[in-house]
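Chemist: The number in the numbering used here is simply the position in the sequence shown, starting from 1, with 123 added. Idealized CB from N, CA, C, for every residue including glycine. Remember, it's a predicted structure, so these values are computed and weren't measured experimentally.
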Amino acid sequence: MEMYHDAVNHTLGPESKRGREMEALVESYISETKAEMGPDFSEKAGRLPRVPEDFSTMADPDPEIAPDEEFKDDDITSHAHGELDQHREMREFMRLASWEMPLLSNLAVPFEAPQATTPLRWRYTTYFGTPHPAANKVVLTFTPSSLPDLTPPQVANLIKLAGSRFNPHTNTVKMSCESYPSQAQNKRYLGDILAKLIKEAKQGEQLDDIPYDFRHAREKKNLRFPKEWRITRERRSELDQKRGKPGQLATGESTGDIVDGIKMIEASRHEAANEMQKQLATQAAMTKAGPAVKGRAR
Numbered sequence: 124m125e126m127y128h129d130a131v132n133h134t135l136g137p138e139s140k141r142g143r144e145m146e147a148l149v150e151s152y153i154s155e156t157k158a159e160m161g162p163d164f165s166e167k168a169g170r171l172p173r174v175p176e177d178f179s180t181m182a183d184p185d186p187e188i189a190p191d192e193e194f195k196d197d198d199i200t201s202h203a204h205g206e207l208d209q210h211r212e213m214r215e216f217m218r219l220a221s222w223e224m225p226l227l228s229n230l231a232v233p234f235e236a237p238q239a240t241t242p243l244r245w246r247y248t249t250y251f252g253t254p255h256p257a258a259n260k261v262v263l264t265f266t267p268s269s270l271p272d273l274t275p276p277q278v279a280n281l282i283k284l285a286g287s288r289f290n291p292h293t294n295t296v297k298m299s300c301e302s303y304p305s306q307a308q309n310k311r312y313l314g315d316i317l318a319k320l321i322k323e324a325k326q327g328e329q330l331d332d333i334p335y336d337f338r339h340a341r342e343k344k345n346l347r348f349p350k351e352w353r354i355t356r357e358r359r360s361e362l363d364q365k366r367g368k369p370g371q372l373a374t375g376e377s378t379g380d381i382v383d384g385i386k387m388i389e390a391s392r393h394e395a396a397n398e399m400q401k402q403l404a405t406q407a408a409m410t411k412a413g414p415a416v417k418g419r420a421r
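If you want it as structure tokens, here you go:
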């Protein structure tokens with residue numbers, strides 16, 4: 124505005140009638156424009172509106188360039204902060220277990236045994252609280268003989284087509300898929316594979332001349348505790364008798380009712396050795412006394 128006044132005064136003169144009329148016209152135009160545009164008309168282009176200063180913004184430095192506070196040795200380490208975070212997380216789960224999990228009983232559904240119209244069993248895995256790469260895995264289990272509209276030869280064809288996925292010990296076929304990012308896609312893929320197997324077993328080539336191959340199925344032996352080793356009353360009394368024999372032996376030795384054979388043998392050997400020493404000493408004494416007696420007789 125000041126630059127405009129200087130230009131008008133320099134061109135038309137400060138005392139000219141035309142200059143005063145032009146200045147009045149421009150001022151009226153500016154006042155009308157301010158009334159229409161509001162109080163922010165005088166702000167420069169590109170500058171953000173000024174925030175009114177209050178208690179929350181008064182003397183608030185920029186956090187990116189503000190200096191760090193001086194460490195006064197009154198805080199814990201980062202490892203301790205991690206322990207506190209873990210403790211808070213455990214407390215959060217404990218609160219969920221105490222207040223939220225009992226409400227799940229309202230969603231309980233009574234168990235219904237599988238019917239003939241639902242021979243397929245689908246298994247899903249869900250990891251609560253954290254994403255897991257195995258959460259999209261879907262497992263399909265079914266019994267070939269329970270599938271509807273299949274004759275015994277067709278069931279045999281289906282078992283041979285399933286190959287190593289058939290377990291002869293449980294008579295079930297087990298298939299799984301985790302190639303796709305969602306459970307619905309993996310389930311759809313397993314359903315398509317099962318439909319192809321059933322179609323091939325019904326309309327495909329008969330496999331009567333191919334024998335079953337169950338070499339992949341090795342039954343795990345579940346070893347159980349033998350019945351003969353179980354503790355019964357008779358077995359307990361027998362063990363008590365065996366455990367009481369050492370005490371009986373000690374009591375018999377102290378009273379003299381039981382003789383220790385090893386000690387008796389050692390004692391007899393000592394007695395025999397003493398008698399032999401006595402005999403040898405007697406013979407040696409007689410040998411020394413014999414020549415002196417003969418000399419006196421001469």
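1. Quick one: measure Cβ to Cβ for residue 317 and residue 263, integer angstroms, because I've assumed they're closer than 8 Å.
2. Report yes if the C-beta distance between residue 242 and residue 269 is below 7 Å; otherwise report no.
3. Below 7 Å between beta carbons: does that hold for residue 311 and residue 297?
4. Can you grab the Cα-Cα spacing for the pair residue 397 / residue 349, in whole Å?
5. Take residue 307 and list the residues in its own chain whose beta-carbon comes closer than 7 Å to its own, dropping the five residues that flank it on each side.
6. Taking Cβ to Cβ, would you say residue 324 is nearer than 7 Å to residue 281?
7. Could you give the C-beta distance for residue 249 and residue 260, rounded to a whole number, given that I count them as a contact under 8 Å?
8. For the putative contact between residue 300 and residue 313, defined by C-beta atoms under 8 Å, what is the C-beta separation to the nearest angstrom?
9. Could you give the residue range of the alpha helix (DSSP H) that holds residue 312?
10. For the alpha helix (DSSP H) holding residue 268, just list the boundary residues, first then last.
11. Is residue 299 helix, strand or coil by DSSP?
12. Could you work out which residue in 278, 265 and 407 is closest to residue 293 when comparing CA atoms only?
13. Taking the alpha-carbon positions, what's the residue 286 to residue 336 distance?
14. Does DSSP put residue 403 in a helix, a strand or coil?
15. Please state whether DSSP places residue 290 in a helix, a strand or coil.
16. Between 252, 347, 303 and 277, which has its C-alpha nearest residue 422's C-alpha?
17. Below 7 Å CB to CB, which residues in the same chain sit around residue 342 once its five sequence neighbours on both sides are set aside?
18. Below 8 Å on the Cβ atoms is my contact criterion, and I expect residue 278 with residue 271 to pass it. Report the Cβ-Cβ distance as a whole number of Å.
19. Leaving out five residues before and five after residue 333 in sequence, what residues of the same chain have Cβ atoms less than 8 Å from its Cβ?
20. When the Cα of residue 327 is compared with those of 257, 239 and 276, which residue comes out closest?
21. Measure the C-alpha to C-alpha separation of residue 200 and residue 207 and round it to an integer number of angstroms.
22. Under the three-state reduction of DSSP, which class applies to residue 264: helix, strand or coil?
23. Do you know offhand how far residue 366's Cα is from residue 360's?
24. Can you pull the DSSP bridge partners for residue 250?
25. In chain order, what residues of the same chain lie with their CB nearer than 7 Å to the CB of residue 258, ignoring the 5 residues before and after it?
26. Determine the closest residue to residue 304 out of 330, 256, 329 and 344, with distance taken between C-alpha atoms.
27. If you count every other CB in all the chains shown that lies within 10 Å of the CB of residue 309, and 16 or more means buried, which is it?
Modeler: Taking the geometry as given:
1. 7 Å
2. yes
3. no
4. 59 Å
5. none
6. yes
7. Not quite, the Cβ-Cβ distance comes to about 11 Å (not below 8 Å), so this is no contact.
8. 5 Å
9. 306 to 326
10. Per DSSP, residue 268 belongs to no alpha helix (DSSP H) and is neither H nor E.
11. strand
12. 265
13. 8 Å
14. helix
15. strand
16. Residue 422 cannot be examined here, being either before or after the span of the chain that is shown, 124 to 421.
17. 292
18. About 11 Å; that fails the 8 Å criterion.
19. 283
20. 276
21. 11 Å
22. strand
23. 10 Å
24. Its beta-bridge partners do not exist; DSSP assigns none.
25. 248, 249 and 250
26. 256
27. buried
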